[in-house]
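J.: Just so you know, this note's numbering puts 83 at position 56 of the sequence shown, and the rest follows in order with no gaps. All C-beta atoms, glycine included, are put in the ideal place defined by N, C-alpha and C.
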Amino acid sequence: MRKYRLAILECDTPVEAVLEKLGTYGTIYDAFARRGLKAYVQDGGRSDIDLEVTTWNMVDMGALPPLGQVDGLMLTGSKHNAFDDDPWILRLVDYVREAYESKNVTLVGICFGHQIIARALGGQVERNAGAWEVSVDQVDLTPEGQKVFGVEKIHLHHMHQDIVKTLPEGAVNLGRSPVCEIQGLYIPRRAITVQAHPEFNDFIMSSILRKRHGQGIFPDDVYESGMARAEKQHDGLHVCKTFWRFMLDEL
28 MRKYRLAILE CDTPVEAVLE KLGTYGTIYD AFARRGLKAY VQDGGRSDID
78 LEVTTWNMVD MGALPPLGQV DGLMLTGSKH NAFDDDPWIL RLVDYVREAY
128 ESKNVTLVGI CFGHQIIARA LGGQVERNAG AWEVSVDQVD LTPEGQKVFG
178 VEKIHLHHMH QDIVKTLPEG AVNLGRSPVC EIQGLYIPRR AITVQAHPEF
228 NDFIMSSILR KRHGQGIFPD DVYESGMARA EKQHDGLHVC KTFWRFMLDE
278 L
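#1: Only counting the same chain, and skipping five residues up and downstream in sequence, which positions put a Cβ closer than 7 angstroms to that of I143?
#2: Would you kindly check if the distance between the Cβ of I209 and the Cβ of I190 is under 8 angstroms?
#3: Rounding to the nearest angstrom, what Cα-Cα distance links V97 and T269 in this structure?
#4: Specify, as a first and last residue, the run of the alpha helix (DSSP H) that A34 falls within.
#5: Check the C-beta distance from A60 over to L33 and give it rounded, since I have them as a contact under 8 angstroms.
#6: Which of the three DSSP states is assigned to S204 in this structure?
#7: If you draw a straight line from the C-alpha of V166 to the C-alpha of V249, how long is it?
#8: Is M88 buried or exposed, if buried means 16 or more other CB atoms sit within 10 Å of its CB?
#9: Decide if Q260 is buried, meaning its Cβ has at least 16 other Cβ atoms within 10 Å, or exposed.
#10: Would you give the residue range spanned by the alpha helix (DSSP H) that K65 belongs to?
#11: Compute the beta-carbon to beta-carbon distance between V42 and I235, rounded to the nearest angstrom, for a pair I have assumed lies under 8 angstroms.
#12: Could you please give the first and the last residue of the uninterrupted alpha helix (DSSP H) stretch that includes T269?
#13: Under the DSSP definition of a beta bridge, which residues are partnered with M101?
#14: Who are the near neighbours of G172 in its chain, counting only those whose CB is closer than 6 angstroms to its CB and skipping five residues on each side?
#15: Starting from R154, trace the beta strand (DSSP E) in both directions and tell me its first and last residue.
#16: Would you list the one or two residues that DSSP bridges to M186?
#17: State the CB to CB distance for the pair F273 and T51, rounded to an integer number of angstroms; the pair is presumed to be in contact (CB under 8 angstroms).
#18: Taking the alpha helix (DSSP H) that V221 falls in, what are its first and last residues?
#19: DSSP three-state label for I5, please.
#20: Cα-Cα, which of R62, H141 and S252 is closest to A159?
Structure follows, in structure tokens:
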């Protein structure tokens with residue numbers, strides 16, 4: 028058996044309804060990673076992986092995973108801004124850069140995590156001129172993205188207003204949508220990210236939409252459009268299978 032040590036870096040706490048039903052983002056991402064690994068094995072992937080998952084709270088400035096004791100880092104989404112200079116964000120950026128430079132740890136980033144990895148490696152992150160992208164939407168894959176994911180397009184949940192504006196040196200763009208030109212980045216054997224939320228389901232999406240609509244963050248049109256697409260079929264499991272091919276050096 029090959030032990031794979033995955034450290035999930037929690038960058039937020041779910042909204043109350045999600046936290047009560049599904050637990051923390053650490054719990055949600057742990058389940059997501061295990062579903063993806065099971066699907067990868069069922070598709071003919073190697074079946075000798077002994078997965079060990081640990082979770083680490085970034086916002087509370089808790090301990091960081093010792094880089095010599097993990098094989099991969101998975102950075103979660105967050106309501107926070109990846110371009111801000113809060114102490115925990117700056118520490119996370121420095122840690123991700125150190126992990127990348129160590130050349131012993133693979134990086135997987137989702138939404139906020141995608142943006143943090145881009146920032147740590149020299150890319151630019153910014154607010155997308157007030158444009159929200161929410162709920163299940165289509166991502167048109169670039170030629171590089173088509174090679175990575177093995178399809179021409181994917182449909183995924185989204186929940187973001189911030190974007191990666193410029194890619195780090197050596198990274199390629201995996202896809203684009205009408206709202207976001209950089210939907211993911213890829214550096215062979217080192218980093219893979221998506222702007223979307225492959226770990227989301229309709230319950231998570233609809234809970235966030237209701238919460239942020241009630242807070243006045245989402246206007247009626249964004250809320251109604253998002254709710255209408257929250258239960259659409261999406262390709263989150265396919266993305267997670269691809270993450271595993273990457274983490275196991277098969278991409």
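T.: This is what the structure gives:
#1: L102, A109, L119, V120, V123 and G136
#2: yes
#3: 20 angstroms
#4: From DSSP, A34 is part of no alpha helix (DSSP H) but of the beta strand (DSSP E) over R29 to E37.
#5: 6 angstroms
#6: DSSP places S204 outside both helix and strand once states are collapsed to three, so it counts as coil.
#7: 18 angstroms
#8: Looking at its Cβ environment, which holds fewer than 16 other Cβ atoms inside 10 Å, M88 is exposed.
#9: exposed
#10: Y52 to Q69
#11: 6 angstroms
#12: G263 to M274
#13: I35 and V135
#14: L201 and G202
#15: Where R154 is concerned, the enclosing beta strand (DSSP E) stretches over Q151 to R154.
#16: V161
#17: About 25 angstroms separates the two Cβ atoms, so there is no contact after all.
#18: Looking at the DSSP string, V221 is not in any alpha helix (DSSP H); the run it does join, the beta strand (DSSP E), is A218 to V221.
#19: Here the chain has residues from 28 to 278 only, and residue 5 is not among them.
#20: The sequence as given places Trp at residue 159; Ala does not occur at that position. Just measuring C-alpha positions, the residue of R62, H141 and S252 sitting nearest W159 is S252.
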